[in-house]
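Q: Numbering (the working numbering), first residue to last: 17 to 716.
This is the structure:
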């Protein structure tokens, strides 16, 4: 069905509704209109990394973990698998007339906000700190979710529009202040690509204000840019409770009727929350017209028609229930988890030989944690494989013993009974082991969305420091005193500084993020060398938050690899492998008005098969405006067997090679323009850590 036909059908149906009925359909929990054959529909559903909150489903690695794969094609495969499970669940729900929350086909994902500051607890839901990487991963994920058939397989929704990345504690009243340069260079590009290239069905507004205006009624963001410049023809939905915030926390209007009217007339078609229960009062007060209600209702019903809801033979109804958590998706899940494990340090200790007998202790608060595999916005898996489980499976010839050793966090105001005994037990296991796998990190109980925790380490789900809580560091340092061979595995949604003592003592460090239901198996297989790691960091690991501007400051100066000039712990784009790659024949092989084609021969010069994540960065200068140190502008995953080589071509769109002026205009830079091709960022720290240099192409 074309969009034009869907709009035509939607308008014909909406024209049969009364004013009250039109208003009722603009709530996320839209009631049935029986006389028109319309059943109730709940728009709220989530699928950040698998179908969420509605029972069993494949739990893939969380978004930030998927970002570390640097593999757009893989994101498309994951999105397609998620939409298949979405249809399987929906078909089952329809059969039982179950139209409750989280049962529909409108998924409020992906979160494409820029992870500008590692303190943001919701950064785990994003694709990292870079606008190009975010766009490059979000677009195939959206296409995988929505499919390429006559009807939408499911409807994706890019969020949160726009300039939204904390702080969580004040998000309902916070005003994000940005200039036009940062707005157009950093905060908007991923949204633009999701609309223009991804064809995303929905866009969700943010809780905060941006430059003074509430995001869910923003005349510039919604009216001028999204609907005007980008010609977005999908639906716009508020974040949950965000229109209520316009009145009650932003104090932008005096009444809820005014807030509802402001949002509706500003382009917000659907309300997650109950603010639009005031629409009829707003109508009676002449704050809105029936035409305003009609146009919004037509937009939301266009999506329902595109999903095939009203077809006599519902599209995708042949997808069976047994596609949920099927073997094909389990295999994909493990492959994704393996590609998200970032090897940060290895002094040659890894990989371990699983055919030999070892005495292995797996210790730490996340060693046996299911929660740390999931992250947030997750479904429930039929099977979880923790790091301890994975080590037992992979190292079947070894003695593998596990202990918690410490809580993730202990507040001194709370009862800590048994805490000391846990540490002593962990030390005992480590002392009697040849090798200790120390599994540290965070989980969604302390890192995430608007969590009601406030202490020296966390506030509202955000972090105050990059170091792990003292409880874990005490355990780690004690383990280091009794065991020489320590492998650290960190499961967390953001950057973590393990401290100099632990980092120096550890033979290897793996950052596994929240790696999904089978993440523990992926970690164990990496340790055993059953595959060569290929993941790269989608955000910068700083030494300390003291190196960063204030968290509330949205100016990009001094932030991310693009504008941070200091020394870092680990750079964006960094990650080690068990093999080595060399680049040759690097050149511009073709050019069009919109893009360059960069070709190279990638040779695997090591002894193991591996996947190389080809990265292309631009460096350019302009006398009129600030420009990034480097800007990622091309990525591609290429699998190369040991001793062999592969020819690779990567398209570099010139959009990412533009200087952004103070008024937001994108122009050709008036200074130098160079491209760097390699397996990491072209900075000195990356070259030092990886012991390789990128190949430079001078364009001007």
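Beta carbons: idealized from backbone N, C-alpha and C, even for Gly. Given the structure is predicted, the values throughout are model-derived calculations rather than measurements.
Which residues mark the beginning and the end of the alpha helix (DSSP H) in which residue 605 is found?
A: Taking the chain shown and counting its residues from 1, one reaches residue 605 at position 589. That residue, residue 605, is in no alpha helix (DSSP H); its beta strand (DSSP E) goes 597 to 607.
Q: Express the C-alpha separation of residue 181 and residue 139 in angstroms, rounding to a whole number.
A: Along the chain shown, one-based indexing puts residue 139 at 123. Along the chain shown, one-based indexing puts residue 181 at 165. About 8 Å.
Q: By Cβ distance below 6 Å, which residues in the same chain neighbour residue 472 in space, the five residues on each side in sequence not counted?
A: Here residue 472 is taken as the residue at index 456 of the chain shown, counted from 1. Nothing meets the Cβ criterion.
Q: What alpha helix (DSSP H) runs, 4 residues minimum, are completely inside the region 161 to 206?
A: Counting only runs of 4 or more, we get nothing.
Q: For residue 668 and residue 627, which I take to be in contact (beta-carbon distance under 8 Å), what is that distance rounded to the nearest angstrom?
A: Position 652 of the chain shown holds residue 668. Position 611 of the chain shown holds residue 627. Contact doesn't hold; Cβ gap of about 21 Å is too wide.
Q: Among 94, 442 and 607, which has the Cα closest to the Cα of residue 347?
A: On the chain shown, residue 347 is found 331 positions in, with the first residue counted as 1. Answer by Cα proximity: 94.
Q: Could you check whether the region 133 to 153 touches the region 205 to 216, counting it as contact only if at least three pairs of C-beta atoms, one from each stretch, sit closer than 8 Å?
A: With a cut-off of 8 Å, the region 205 to 216 and the region 133 to 153 count as touching, because enough Cβ pairs lie within range.
Q: Identify, in the order they occur along the chain, each residue of the same chain with its Cβ nearer than 6 Å to the Cβ of residue 596, setting aside the five sequence neighbours on each side.
A: Position 580 of the chain shown, counting from 1, holds the residue named residue 596. 621 and 622, listed in sequence order.
Q: Kindly indicate the opening and closing residues of the alpha helix (DSSP H) around residue 359.
A: Here residue 359 refers to the residue found at position 343 when the chain shown is read from its first residue. Element bounds for residue 359: not the alpha helix (DSSP H) but the beta strand (DSSP E), 358 to 362.
Q: Based on Cα-Cα distance, which residue from 609, 535, 625 and 276 lies nearest to residue 659?
A: Here residue 659 corresponds to residue number 643 of the chain shown, with the count starting at 1. For the residues 609, 535, 625 and 276, the minimum Cα distance to residue 659 belongs to 625.
Q: Residue 648: which of 407, 192, 670 and 383 sits nearest, CA to CA?
A: What you label residue 648 is simply residue 632 of the chain shown in a count that begins at 1. Of the candidates 407, 192, 670 and 383, the one whose C-alpha sits nearest the C-alpha of residue 648 is 670.
Q: Run through the DSSP bridge pairs and tell me what residue 647 is partnered with.
A: Working through the chain shown from its first residue, we reach residue 647 at position 631. In the DSSP output, where bridge partners are listed per residue, residue 647 has 634.
Q: Residues in its own chain within less than 6 Å of residue 337 by CB, not counting five upstream and five downstream?
A: To locate residue 337, count along the chain shown from 1; it is residue 321. Excluding sequence neighbours, residue 337 sits near 104 and 108.
Q: Assign residue 87 to one of three DSSP states: helix, strand, or coil.
A: Mapped onto the chain shown, residue 87 falls at position 71. Here residue 87 sits in coil by DSSP.
Q: Report yes or no: do the region 408 to 426 and the region 365 to 374 share at least 3 C-beta pairs separated by less than 8 Å?
A: Contact holds: three or more Cβ-Cβ distances are below 8 Å.
Q: Output the boundary residues of the beta strand (DSSP E) element that contains residue 662.
A: Locating residue 662 in the chain shown gives position 646, counting from the first residue. Here the beta strand (DSSP E) through residue 662 covers 661 to 669.
Q: When DSSP labels each residue in this structure, what does residue 35 get in the three-state scheme?
A: Within the chain shown, numbered from 1, the residue matching residue 35 stands at position 19. DSSP places residue 35 in helix when its eight states are reduced to three.
Q: On the DSSP bridge list, what partners appear for residue 616?
A: Numbered from its first residue, the chain shown carries residue 616 at position 600. Paired residues: 664.
Q: For residue 168, which residues of its own chain have a beta-carbon under 6 Å away from its beta-carbon, when the five flanking residues on both sides are left out?
A: By 1-based counting over the chain shown, the position of residue 168 is 152. Around residue 168: 162, 322 and 323.
Q: Could you check where the alpha helix (DSSP H) with residue 408 kicks off and where it finishes?
A: As a working note, residue 408 is residue 392 in the chain shown. Counting along the chain, the alpha helix (DSSP H) containing residue 408 begins and ends at 403 to 410.
Q: Roughly how many angstroms lie between the CA atoms of residue 587 and residue 131, to the nearest whole one?
A: For the purposes of this step, residue 587 is identified with residue 571 of the chain shown, where counting begins at 1. For the purposes of this step, residue 131 is identified with residue 115 of the chain shown, where counting begins at 1. Cα-Cα distance, rounded: 15 Å.
Q: Please report how far the alpha carbon of residue 32 lies from the alpha carbon of residue 315, in whole angstroms.
A: Position 16 of the chain shown, counting from 1, holds the residue named residue 32. Position 299 of the chain shown, counting from 1, holds the residue named residue 315. The alpha-carbon atoms of residue 32 and residue 315 are separated by roughly 15 Å.
Q: Would you decide whether residue 574 is buried or exposed? Buried here means 16 or more other CB atoms lie within 10 Å of its CB.
A: Stepping through the chain shown from its first residue, residue 574 is reached at position 558. Exposed: under 16 other Cβ atoms inside 10 Å.
Q: Along the chain, where does the alpha helix (DSSP H) containing residue 282 start, and where does it finish?
A: Here the question's residue 282 lines up with position 266 in the chain shown. Segment 272 to 282, the alpha helix (DSSP H) holding residue 282.
Q: Return the chain-ordered list of same chain residues with a C-beta closer than 6 Å to the C-beta of residue 491, the five sequence neighbours on each side being excluded.
A: The count along the chain shown starts at 1 and reaches residue 491 at position 475. 421, 422, 439 and 442.
Q: Going by DSSP, what residues sit across from residue 221 in a beta bridge?
A: If you number the chain shown from 1, residue 221 lands on position 205. BP columns for residue 221 point to 177.
Q: Suppose contacts are defined by Cβ-Cβ distances below 8 Å. Is residue 277 in contact with residue 238 by that definition?
A: Looking up residue 277 in the chain shown gives position 261. Looking up residue 238 in the chain shown gives position 222. No, the pair does not count as a contact, with Cβ atoms beyond the cut-off.
Q: Return the residue from the list 478, 281 and 288 that minimises the CA-CA distance to residue 298.
A: Your numbering for residue 298 matches position 282 in the chain shown. Out of 478, 281 and 288, 281 has the C-alpha closest to the C-alpha of residue 298.
Q: Cβ of residue 221 within 8 Å of Cβ of residue 284?
A: As a position in the chain shown, residue 221 is number 205, starting the count at 1. As a position in the chain shown, residue 284 is number 268, starting the count at 1. Contact: yes.
Q: For the candidate residues 707, 361, 693 and 552, whose alpha-carbon lies nearest to that of residue 665?
A: If you number the chain shown from 1, residue 665 lands on position 649. Nearest of 707, 361, 693 and 552 to residue 665, Cα basis: 693.
Q: Name the DSSP bridge partner or partners of residue 143?
A: Along the chain shown, read from residue 1 onward, the residue named residue 143 stands at position 127. DSSP, once it has assigned bridges, lists no residue as partnering residue 143.
Q: What does the alpha-carbon distance come out to for the pair residue 428 and residue 470?
A: The residue labelled residue 428 in the question sits at position 412 within the chain shown. The residue labelled residue 470 in the question sits at position 454 within the chain shown. Low per-residue confidence applies at residue 428: pLDDT is 47, beneath 50, and the placement is therefore not dependable enough to give any value.
Q: Using a Cβ-Cβ cut-off of 7 Å (strictly less than) and excluding sequence neighbours within five positions of residue 125, which residues of its own chain qualify?
A: Against the chain shown, residue 125 aligns to sequence position 109. 62, 63, 64, 172 and 173, listed in sequence order.
Q: If you draw a straight line from the C-alpha of residue 92 to the C-alpha of residue 499, how long is it?
A: Taking the chain shown and counting its residues from 1, one reaches residue 92 at position 76. Taking the chain shown and counting its residues from 1, one reaches residue 499 at position 483. Going from the Cα of residue 92 to the Cα of residue 499 covers about 43 Å.
Q: Terminal residues of the continuous alpha helix (DSSP H) containing residue 702?
A: On the chain shown, residue 702 is found 686 positions in, with the first residue counted as 1. Start and end: 700 to 706.
Q: Measuring CB atoms only, is the region 508 to 523 touching the region 403 to 412, in the sense that at least three cross pairs come out at less than 8 Å?
A: With the cut-off at 8 Å, the region 508 to 523 and the region 403 to 412 do not touch.
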